[in-house]
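Structure first, commentary second.
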Amino acid sequence: MSDHVSEQSAPAKRPVQLFRNMSAKIASIPMILTALVVFVGGTTWTVVHSFTSSRLLPKLDFVGLDQYERLWSTPRWLISIENLAIYGLCSMILTLTIGFTLAALLDRKIRFENTFRTIFLYPFALSFVVTGLAWQWILNPDFGLQQVVRDWGWESFAFDPLNNSKIVIFGILIAGIWQGSGLIMCIMLAGLRGIDEDIWKAARVDGIGTVKTYLRVIIPMMRPVFITSLVLIASGIIKLYDLVVAQTNGGPGISSEVPAKYVIEYMFRAQNLAQGFAASTMMLVSVVVILIPWAYLEFGGRKRG
Amino acid sequence: MKLSTKLLAATAMVAAPAVHAAELEVTHWWTSGGEAAAVSKLAEAWEAAGNTWIDGAIAGSGGTARPIIISRIIGGDPMAATQLNHGRQAEELIEAGLLTDLTEVAEANNWADLINPPSLLDACTFEGRVYCAPLNIHSAQWLWLSHDAFETAGVDVPADWNEFVAAAPALEEAGLLPLAMGQQGWQQNIAFGTITIGIAGVDNWLAVNRDKNIEVAEGPAYTAVFEAVEAARALAADSSVQDWNLATNLVITGQAGGQIMGDWAQGEFQVAEQVAGEDYSCLPGLGLNAVLDTGGDAFYFPVIDDEETRAAQLEMAAMLVSPEVQVDFNLAKGSLPVRGDVDLSAANDCMQKGLAILASGEGILPSGDMNLSADTQTQVEDLMAEFWSSDLSAADAQARYVDIIRSAD
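Those protein sequence lines, which keep their order, are chains A and B. Under the working numbering, the first residue of the first sequence carries the number 14, and numbering increases by one thereafter. Under the working numbering, the first residue of the second sequence carries the number -19, and numbering increases by one thereafter.
This is the structure:
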């Protein structure tokens, strides 16, 4: 405040832009340093070392693209990518659909809305490890879901995804969606509450059905909410690790491996840092390739238009 | 505020040099019942000499503990002594000068003549200097058989792997699982290694694992191995357990005919109060080639810049190889001693078989840890995990195995 006053009283001296809001700038120095050193510095270091032959200890003898060639000819990595793609696509679509449907149902001014909201949100309060363990038990053929249904009398019922290498990723997907859709529901519900009541009245006057109003009017209006949800879901997908470790540990065989697990295991168990770095660089590249054009269109485009 | 800071600093200054010379922190991953008992033998021996043992047990297997141990050494917070499996795991730490040179202890105590088999000391030696103290021998090449299961099926207990495969249909008819197999890569890799030694023989195994000979890996001997593993996969098709001790338990309770597992499985039979030769049998090298590899545990001593600590580290290294400690520790752990001149008459039938092989001096192999880097081992484990749990054909698996050996270093 006093700065401001003195500036006005002495207009001849032009304030140096750099020193404005000094205290705020000083306060943000630690965060700027963290961002530069930890994020940018750490990422650069990792990418540089992915071109070396580092084993247990990082060292700088460059071998070009050898690590990447090996990475893309490793069946385990290819399976990991495939699994992540299946999990990512299904999780994106299903979490959004289920989250939005639940939110829309709750938005119909039903009774006990608070209770339902709490129930749906509860899984999100559990960590992935707990979620994974719980679903490992639920999907266990001997005392889980399959056995319960058989005890009810449906003797031939078979549902054992975790021990079948062809569908094991869907067993993990079930747990992931169960855990994640509650949060998306809450965000969607907040978005729905932000829609002006007059929109609904107008739709009713025009004689548009409820479902059609949601699909044609409400959802386009909720674009920012959907974007937020997408970012949240996407970041959850790329870091998928602990759920798999707790639920299947990559098994049976290597059929439920995911990229993050490959990175950890090659860095530490296989004592091959460069291979792990190459894999993590590929994860970063895939995020960048998808995110940057999208963010450009989403945020850069609007400013111009 | 200032006073307390000063006090804290003062305490830290006083505390830092006050570390007693013979107070060593020891990290290891021996946390199960029998293992913890064995560690306490080491601690007792160390404290009997007037020193202090600070126990740094890390729960979980070596896979969990090893990264913690290594990152502590690399990160400049080394413990005074640590367990590792000898072999190539510590190679780079030695190159980086992070581990204490034990050559003078080895020479003073004549390790070169005492340690049997000599390959154990070789695994501790890097460019002519000794960097670790071998502690015990564990071998992986054992087939454990349940007498109960074969009695139920009405066939004799097999004497080798071929008889075992021949008896498998009878076991299946009796509703029993022929081969118990935990669905984890390292266990499947042990089975693969053991079958290789049994079917292809020691020379071929050494040619591939030690000399990285591609022609042998592509050749007919290894084709037979992969076909045998494919057949074993069919025998273990209904085995859905994960952990090795659960698979051993299937053998103990007579639900499964046999299991290929290292000699640490013996502890499980002991806890279940079964008698070797009566309730269960063991066949080293599948009964085909009575050979054992000599993996095991060794102690490494990270470099700590303090002369007194270094002296204590050398003292501990000498103690670990001393006859008394070797007997006490290995009887508690069920592993074999690293020197041939100690009396282990209290050992049971299976341990005696192992001792006899060691004493004969023949049929001793360096362990996988000594031949293959952790990187190559992980790749082979991944391949085996996939091979055992899918319908990958033997020929494809062999081709992929050849690729791994070709790129091995």
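Virtual Cβ for every residue (Gly too), placed ideally from N, Cα, C.
Can you confirm whether residue i, when its beta carbon is compared against all beta carbons of chain A, has any partner nearer than 8 Å?
i      : result
B/Q163 : yes
B/A354 : yes
B/T358 : yes
B/A88  : no
B/S369 : yes
B/A379 : no
B/E107 : no
B/D362 : yes
B/C330 : no
B/E366 : yes
B/G72  : At residue 72 of chain B the sequence reads Glu, which differs from the Gly that was named. Chain A contact via Cβ: present.
B/A76  : yes
B/A1   : Annotation note: pLDDT 49 at B/A1 (below 50); position unreliable, no value reported.
Beta-carbon of residue i versus every beta-carbon of chain B: anything under 8 Å?
i      : result
A/P272 : no
A/P264 : The amino acid at residue 264 of chain A is misidentified as Pro; the sequence shows Gly. Cβ-Cβ to chain B under 8 Å: yes for A/G264.
A/N285 : yes
A/P174 : no
A/T281 : As written in the sequence, residue 281 of chain A is Phe, which differs from the Thr given in the question. With 8 Å as the cut-off, A/F281 counts as an interface residue toward chain B.
A/L69  : yes
A/S268 : yes
A/S293 : no
A/E311 : no
A/S178 : yes
A/E278 : yes
A/Y81  : no
Taking just the CA atoms, how far does residue j sit from residue i?
i      : j      : result
B/M364 : B/G165 : 6 Å
B/R319 : B/P200 : 38 Å
A/L70  : A/L286 : 7 Å
A/F32  : A/S41  : 14 Å
B/A148 : B/P158 : 5 Å
B/S370 : B/G42  : 27 Å
A/A215 : A/T223 : 12 Å
B/A436 : A/S293 : As shown, chain B starts at -19 and ends at 389. That puts residue 436 of chain B outside it, with no answer to give.
B/N65  : A/I106 : 47 Å
B/Q235 : A/P174 : 25 Å
B/Q357 : A/A283 : 7 Å
B/V307 : B/N328 : 14 Å
B/G178 : B/D102 : 25 Å
B/G267 : B/A180 : 13 Å
B/E15  : B/A37  : 11 Å
B/V137 : B/E131 : 8 Å
B/Q378 : B/E198 : 7 Å
B/R109 : B/D81  : 7 Å
B/M241 : B/A216 : 14 Å
For residue i versus residue j, is the C-beta distance shorter than 8 Å?
i      : j      : result
B/V209 : B/F172 : yes
B/S347 : B/D277 : no
B/L123 : B/G238 : yes
B/P282 : B/I74  : no
B/F279 : B/L151 : no
A/I190 : A/S104 : yes
A/E168 : A/I240 : no
A/N176 : A/P154 : yes
Should residue i be labelled buried (16 or more other beta-carbon atoms within 10 Å of its own) or exposed?
i      : result
A/R121 : exposed
A/V301 : exposed
B/W244 : buried
B/T390 : The first residue shown for chain B is -19 and the last is 389, placing residue 390 of chain B beyond what the model contains.
B/N90  : exposed
A/V218 : exposed
A/M44  : exposed
A/G145 : buried
B/V443 : For residue 443 of chain B there is no data in the structure shown, the boundaries of chain B being -19 and 389.
A/Q30  : exposed
B/K313 : buried
A/M14  : Unreliable placement is indicated for A/M14, whose pLDDT of 41 sits below 50; the coordinate value is still reported in the next sentence. It is exposed - the Cβ of A/M14 has fewer than 16 other Cβ atoms within 10 Å.
A/I132 : exposed
What are the residues in the region 213 to 230 of chain B lying within 7 Å of chain A by C-beta distance? Result list: S220.
Along the region 22 to 46 of chain B, where does the CB come closer than 9 Å to a CB of chain A? Name the residues. Answer in chain order: G43, R46.
Check: Which residues, in chain order, does the region 45 to 59 of chain B contribute to contact with chain A at a C-beta distance below 9 Å?
Finding: Of all residues in the region 45 to 59 of chain B, R46, P47, I50, S51, I54 have a Cβ within less than 9 Å of some Cβ in chain A.
Taking any Cβ of chain B, which residues in the region 86 to 102 of chain A have a Cβ under 9 Å from it, in chain order?
-> Taking 9 Å as the Cβ-Cβ cut-off against chain B, the residues of the region 86 to 102 of chain A that qualify are S86, T87, P88, R89, I92.
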